[in-house]
């Protein structure tokens, strides 16, 4: 996929709205991981870091590794890391 085909590399996509997560799901788990690393979501991460793929655990599909904006890395476990008490802090963006 070239830069012009992907869209995410060409220009930054701005979210139209934001809500808070109410209960845990696989999607919320991955959003939690992006947000603890300092990004809104996968869209922003891929735009800033100019990557096509995010490292994921093959069996769960959860994000495995993210590079923060200061170039340090966050490594995540295969299992759930977003505890129930943290779920309400996760922001879900709509585009």
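Residue numbers (UniProt numbering): 1 to 95. Just so you know, even glycine gets a beta-carbon here, dropped at the ideal spot from N, CA and C.
In the structure shown, residue 33 adopts helical secondary structure according to DSSP, grouped into three states. The residue from 48, 28, 68 and 42 with its alpha-carbon nearest to that of residue 85 is 28.
Counting every other CB atom within 10 Å of its CB across the protein chains shown gives residue 21 a total of 16 or more, marking it as buried.
Proximity to residue 87 across 12, 19, 75 and 68 peaks at 19, based on C-alpha coordinates. Residue state for residue 84 is assigned as helix, using DSSP reduced to three classes.
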